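Have a look at the structure below before the remarks.
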Amino acid sequence: MLSKKTKYGLKALTYLAGQNTKEPISIAEIAKHENISQKFLENILLSLRSTGFLGSKKGKGGGYYLIKDPSEIPMTTVMRVLEGPIAMVSCVSLNFYEKCDDCPDEQSCSVHRLMLKVRDSNLDVYRNTFLSDLLTG
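Per my numbering, the very first residue in the sequence shown carries number 12; after that it's consecutive.
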């Protein structure tokens, strides 16, 4: 299940991408428009800022803005920052692989084979979806 952090992060990014300005948008405005707790949103946006596609400005007139064009922001990056590993089990993770303690042979493990298919399907969607795609519905 998608965490609230990820859901709200996607909503906030989509809101920012839908603005016709490069001016910073306040956390209060994003939170109000998307019905998200301002404090929770602040933590989410701080996480996203580390990716290099979200910038911020402090003080009066401050807020958050996209540094990159929405067509250059892949969902793989967004999902990994907000949700963590894309794979549902560590034995099929591309970036966070760990052998399962209870599995003597991954190749014969039915769960491993199923989760490989799930991971690959999810990756296909995330790799081929950009923030701009979320704007067009």
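Glycine is no exception: its CB is placed at the ideal position from the N, C-alpha and C atoms. Predicted, not measured: the structure shown is a model, and the values here were computed from it.
- Message: I need the straight-line Cα distance from His123 to Val136, nearest angstrom please.
- Response: For the purposes of this step, residue 123 is identified with residue 112 of the sequence shown, where counting begins at 1. For the purposes of this step, residue 136 is identified with residue 125 of the sequence shown, where counting begins at 1. Looking at the two C-alpha atoms, the distance is approximately 20 Å.
- Message: Suppose the cutoff is 6 Å on Cβ atoms and the five residues either side in sequence are ignored; what does the same chain contact list for Ala42 look like?
- Response: Position 31 of the sequence shown, counted from the start, is the residue given in the question as residue 42. Annotation for Ala42: Gln49, Leu52 place their beta carbon closer than 6 Å to its own, counting only its chain and skipping 5 residues before and after.
- Query: Which of helix, strand or coil does DSSP assign to Pro85?
  - Reply: The residue you call residue 85 lines up with position 74 of the sequence shown. Strand at Pro85.
- Message: Using DSSP's beta-bridge definition, name the partner residues of Phe141.
- Response: Start at 1 with the first residue of the sequence shown, and residue 141 comes out as number 130. Within the DSSP secondary-structure output, Phe141 pairs in a beta bridge with Pro85.
- Task: Starting from the C-beta of Leu65, find all residues in its chain whose C-beta is less than 8 Å away, skip the five residues before and the five after it, and write them out in chain order.
- Result: If you number the sequence shown from 1, residue 65 lands on position 54. Taken in chain order, the residues that qualify are Leu24, Leu27, Leu56, Leu59, Tyr75, Tyr76, Leu77, Ile78.
- Query: Is the Cβ-Cβ distance between Asn133 and Ile97 less than 9 Å?
  - Reply: Translated into the one-based positions of the sequence shown, residue 133 becomes position 122. Translated into the one-based positions of the sequence shown, residue 97 becomes position 86. Their beta carbons are under 9 Å apart, which means Asn133 touches Ile97 by this criterion.
- Message: Here's a check: name, in chain order, each residue in its chain whose Cβ is nearer than 7 Å to the Cβ of Asn46, leaving out the five neighbours to either side.
- Response: Taking the first residue of the sequence shown as position 1, residue 46 is located at position 35. If we look at Asn46 and ignore the five residues flanking it on each side, it has no Cβ neighbours.
- Message: Please state whether the Cβ-Cβ distance between Gly20 and Val129 is less than 9 Å.
- Response: Here the question's residue 20 lines up with position 9 in the sequence shown. Here the question's residue 129 lines up with position 118 in the sequence shown. Not in contact: Gly20 and Val129 (Cβ atoms no closer than 9 Å).
- Item | Of the residues Gln30, Glu34, Glu94, Lys69, the one placed nearest Met12, counting alpha carbons only | Mapped onto the sequence shown, residue 12 falls at position 1. For Met12, the nearest C-alpha among the options comes from Glu94.
- Message: Rounded to the nearest angstrom, what separates Ile38 and Gly73 at their Cα positions?
- Response: Walking along the sequence shown from the start, residue 38 turns up at place 27. Walking along the sequence shown from the start, residue 73 turns up at place 62. The straight-line gap from Cα to Cα measures roughly 9 Å.
- Query: Is the beta carbon of Ser82 sitting closer than 9 Å to the one on Ser119?
  - Reply: The residue given as residue 82 occupies position 71 in the sequence shown. The residue given as residue 119 occupies position 108 in the sequence shown. Pairing Ser82 with Ser119 gives a Cβ-Cβ distance that is not under 9 Å.
- Comparing alpha-carbon positions, which option in Asn31, Asp80, Glu34 lies nearest Phe141? Here residue 141 refers to the residue found at position 130 when the sequence shown is read from its first residue. Comparing C-alpha distances from Phe141 to each of Asn31, Asp80, Glu34 shows the shortest one belongs to Asp80.
- Item | Same chain, Cβ closer than 7 Å to Ser14, neighbours up to 5 away in sequence not counted | Translated into positions along the sequence shown, residue 14 becomes position 3. For Ser14, where only same-chain residues beyond five positions count, the Cβ hits under 7 Å are Glu94.
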